[in-house]
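Since the structure comes first, as C-alpha cells, the remarks are kept for the end.
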Amino acid sequence: MRAVIIATLTAAALVAGCATTPEEQSPAKVEDRAAGKPAAVETKPIARVDLTGKPAAGSPLKDPNNILSKRSIYYDYDKFEVKDEFRPLIEAHAKYLRENPGAKMLIQGNADERGSREYNVGLGQRRSDSVRRALMLLGAKENQIESVSLGEEKPVCTEHAEDCWAKNRRGDMLYGGEY
Amino acid sequence: MQALLPRFCAFLGIVLLLAAPLARAQLSIEITGAGAPRMPIAIAAFPGEAALGPGITSIVRADLERSGLFRGLEIPPLAPAPTEVSNVNYAEWRSRLADALVLGSVAVRPDGRYEVRFRLYDVVKQASLGGVAYTLSKEQVRATAHRIADFVYEKLTGEKGVFSTRIAYVVKRGNRFELQIADADGAGEEAALVSFEPIISPAWSPDGRKLAYVSFENKKPVVYVHSLLDGKRNVVANFRGSNSAPAWSPDGSKLAVTLSREGGSQIFLINADGSGLRRLTSSAAIDTEPRFSSDGQWIYFTSDRGGSPQIYRMPAAGGEPQRVTFEGSYNVTPRLSPDGKTLAYITLNEGKFQVALLDLSNRQVQIITDSDRDESPSFAPNGRMILLATVLGGRGVLSAVSSDGRVKQRLTVTAGDVREPAWGPFIE
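Protein chains in written order, with our numbering: chain A, 221 to 399; chain B, 999 to 1426.
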C-alpha cells in the first residue's frame, strides 16, 4: 500500500516536472533579441581539404583558351634543352605554381623508340629534369615538382618515322589529380 | 662387336619437378641459319611413349637440333623396337650414319605415374655413355624431355645444356603488358605479371626464383622484386624521380639500379630488400644499364660522359670508371658472358642496331646479327647462345644467335609484340 503511494507521488512529480519545463525555456528570449540590436549574420568559411587533387571546375588549367591547358614540350633529336618557343609555356606554369603553393606537378619525360630502352629512360629523365629546373628558376618550389621518365614506353605516335619520333620526344607537365 | 652388353641403368635419378605449366606453345622457333657440321644423332622412339601425349623423343630431338650442334636422323619404325636394355647393333646404326644413339622406354608405374628410362651410346666408339631413369606425371613430359636433352648434350659436348632453363620476356598485346616465363624453347608460357602499364628490364635472381624488373604502374618507373613461386612483389626502389635498370649481384644479395633521386641518372647499389642505398657513380652524364661481372668484381654500364653512349666499367664497390668500347658512336646494354671473357652489347652500325661481341682479352669486336633493331642481348647460362629482341615486319620478335654468330633462330609469338628477353640461370 505504501509502495503504491510512493510510486504514485513519484509519477505525479515527474508529470508535473514535465509540464513545467517548456515554460521555463522561454520563447521570450527570441523577443528579447528582436528587441535589441540586430545581430550580424555570420557564416564561417569551410577550409576545403581535397585529397582527389583534381583542379576544380573552371580552373585555368582546364580552360582551353588558357595557355596553362597546354602541357607538352617537344625536343630535337638527342636534345634536352627547352627550346625558346616553349618559354612562354614554362613561364605561365611557373607563375601558376608560385601562386598556388599547394599545387603539385609531375613531369614525365619521353624519348623516341630508337636505341636502348634503359638509355632512353635516361634521355627522358634529362628532358623532365630540364623542365623542372626551368620552372624552379622561375620561382616554383622544389617540393612542388617531381620529374620522372617514361623512356620510350609510352609513345603517343607509333609509326617508325621521324614525324612520329618528334612527337614522342616530349615532356608532359601533369598536375596533381591528372595522373 | 657385341661385347659391350648394355648394363641396366648406371644410375637412377628420381627427379622432383616443379608442377610443369600447361603446354600452351605460344612461341614457335625457326632455325634460320645453320652452323658448323652437326653431329648426326639417332633418337629411336621410346616404346610406350604414346601414352604420355606429346612425343617425348621428338622434344629431345627438337632441343638438340635447336642448339645447332646436332642433326636428328629420320629412323623408320623398327621391329622389334629397341629399348635401353636391348643389345645395340652398332654396325646397323653406323650404316644409318649415326654418331650417337639414344634408346629408351616408357612404362606406367603402379601409382599411375610414368617411368622413362634411356641410355646414350657413342656409336663410333661403340660405348655406352650412361643413362638415367625419371619418374614423372603426364604434365612433366616437356620438363623430362629437356632433362634428357641436357644429359645428351653434356655427354656429347662436355658443356652443360640449357634446355631445362627458362626465359622471361615481355609481350605487349593491345594495351596489355605481360611478363611471361617460358621454357628455353618458348613452350609452356605462363604470365607472372599482367599490367596496363609498361614493364621493362626483367632480370633473373641468381637462384632463378625471382625476377627484378621495372614497372610503370605508378606512372613512373619503379623497381620491383617478384617472387615467381608465390607472386609476391616487393618494391626495392621507389625514390623520388625514376628508378630503373636493376641488375643482381652474383650472390643475389644486392641490386645495382639507376636512380634520378639526386638529379640525372646515376647508378646506386641497394640491398635486395630495399635497404642500404649507396651511390656508385657521380657524373653529370647518364650512367645506366649496370651489370655485374660473374666474379662480382666489376660493374659494366652505359654512360654518355664522353659525349656519346659507350660502355664503361668500374670496381663493384665504386671507383674510377674505365672506358671499354671505343669503336662507333652508340654502344649500349653491356652483357657479360658467364665465363666473363666476352662482352655482348648493342652497337649502332651503319644505321642498324646490332649485337656486337667484344673479346675482352684481345679487344676484337664482331657483329653477330644481321637484323637492324636489336635490343637486350642475354646470354644462355652456358654462354653458347644469345637471346635478343629485334623487330621483324614491324613487330617485336625474339631471336637467338650462337655466340660464334653461325646459328640463328627466331622465336615468334602468335599475336603481340615481344621484347625484353632475359635468359634464366641453371636450375639445380
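For glycine and all other residues, C-beta sits at the position ideal for the given N, C-alpha and C. Every value quoted in this text rests on a predicted model; they were computed, and no experiment measured them.
Counting along the chain, the unbroken beta strand (DSSP E) around A/Gly391 starts and ends at 390-395. Residue pairing by DSSP places A/Val368 opposite A/Gln328 in a beta bridge. Setting aside the 5 residues that flank it on each side, B/Phe1377 is surrounded in the same chain by Arg1333, Ser1335, Pro1336, Ala1342, Ile1384, Trp1421, each with a C-beta closer than 7 Å to its C-beta; the list follows chain order. DSSP places B/Leu1358 outside both helix and strand once states are collapsed to three, so it counts as coil.
Chain A has a Cβ within less than 8 Å of the Cβ of B/Pro1307.
Note on B/Leu1227: under 16 other CB atoms within 10 angstroms of its CB, so exposed under the neighbour-count rule. The DSSP-derived three-state label of A/Ala314 is helix. Around the beta-carbon of B/Asp1271, fewer than 16 other beta-carbon atoms lie within 10 Å, marking it exposed. Under the DSSP assignment, B/Arg1094 falls outside any beta strand (DSSP E); it carries neither an H nor an E label. Interface criterion not met: the Cβ of B/Glu1176 is under 8 Å from no Cβ in chain A. Looking from the CA of A/Tyr297, the closest CA among A/Leu343, A/Gly278, A/Pro321 belongs to A/Leu343. Along the stretch 327-362 of chain A, the alpha helix (DSSP H) occurs as fully enclosed runs of 4 or more residues at 337-357, listed in sequence order.
The Cβ atoms of B/Val1234 and B/Ala1201 lie no closer than 8 Å to each other.
Cβ proximity to chain A below 7 Å picks out Ile1284, Thr1286, Glu1287 from the stretch 1280-1298 of chain B. C-alpha of B/Leu1076 to C-alpha of B/Gly1128: approximately 22 Å in a straight line.
Of all residues in the stretch 348-375 of chain A, only Asp349, Glu366, Ser367, Val368, Ser369, Leu370, Gly371, Glu373, Lys374 come within less than 8 Å of chain B when Cβ atoms are compared, listed by chain position. In the three-state scheme derived from DSSP, where H, G and I count as helix and E and B as strand, B/His1224 is classed as strand. Per DSSP, B/Leu1062 is one residue of the alpha helix (DSSP H) stretching across 1054-1064. Looking at the DSSP output, B/Lys1170 shares a beta bridge with B/Phe1175, B/Asp1415.
Contact between the stretch 310-321 of chain A and the stretch 1244-1258 of chain B is not established, with fewer than three Cβ pairs separated by less than 8 Å. Unbroken beta strand (DSSP E) stretches of 3 residues or longer found wholly inside the stretch 1300-1348 of chain B: 1308-1313, 1329-1334, 1340-1347, given in chain order. B/Gly1206 is positioned such that its CB atom lies closer than 8 Å to that of B/Pro1423. Between the stretch 1079-1089 of chain B and the stretch 1107-1122 of chain B, the count of Cβ pairs shorter than 8 Å is three or higher; the stretches touch.
Taking a C-beta cut-off of 8 Å against chain A, the contacting residues of the stretch 1221-1245 of chain B are Arg1238, Gly1239, Ser1240, Ser1242, Ala1243, listed in chain order. Along the stretch 1188-1211 of chain B, going in chain order, the ones with a CB nearer than 7 Å to a CB of chain A are Pro1196, Ile1198, Ser1199.
In the DSSP assignment, B/Thr1256 falls within the beta strand (DSSP E) that extends over 1252-1257. A direct Cα-Cα distance of roughly 27 Å separates B/Pro1108 from B/Ser1162. Contact between B/Ser1306 and B/Asp1285 fails: their C-beta atoms lie close to 14 Å from each other, not under 8 Å. B/Pro1078 sits away from B/Leu1101, with the two beta carbons spaced by 8 Å or more.
Nearest in C-alpha terms to B/Ser1292, of all of B/Tyr1222, B/Pro1379, B/Gly1338, is B/Gly1338. In the pairwise beta carbon analysis, the stretch 1155-1172 of chain B is classified as not touching the stretch 1123-1140 of chain B: fewer than three pairs are separated by under 8 Å. Between B/Ala1105 and B/Met1037, the C-beta spacing is not below 8 Å. Residue environment analysis places B/Glu1157 among the exposed positions, since fewer than 16 neighbouring C-beta atoms fall within 10 angstroms of its C-beta.
Closest in C-alpha terms to B/Arg1277, from the list B/Phe1290, B/Arg1289, B/Ser1263, comes B/Ser1263.
Within the stretch 1323-1336 of chain B, those residues whose Cβ lies closer than 7 Å to any Cβ of chain A are, in chain order, Tyr1328, Val1330, Thr1331.
From the beta-carbon of B/Ser1376, no residue of chain A is found nearer than 9 Å; the closest lies around 13 Å away.
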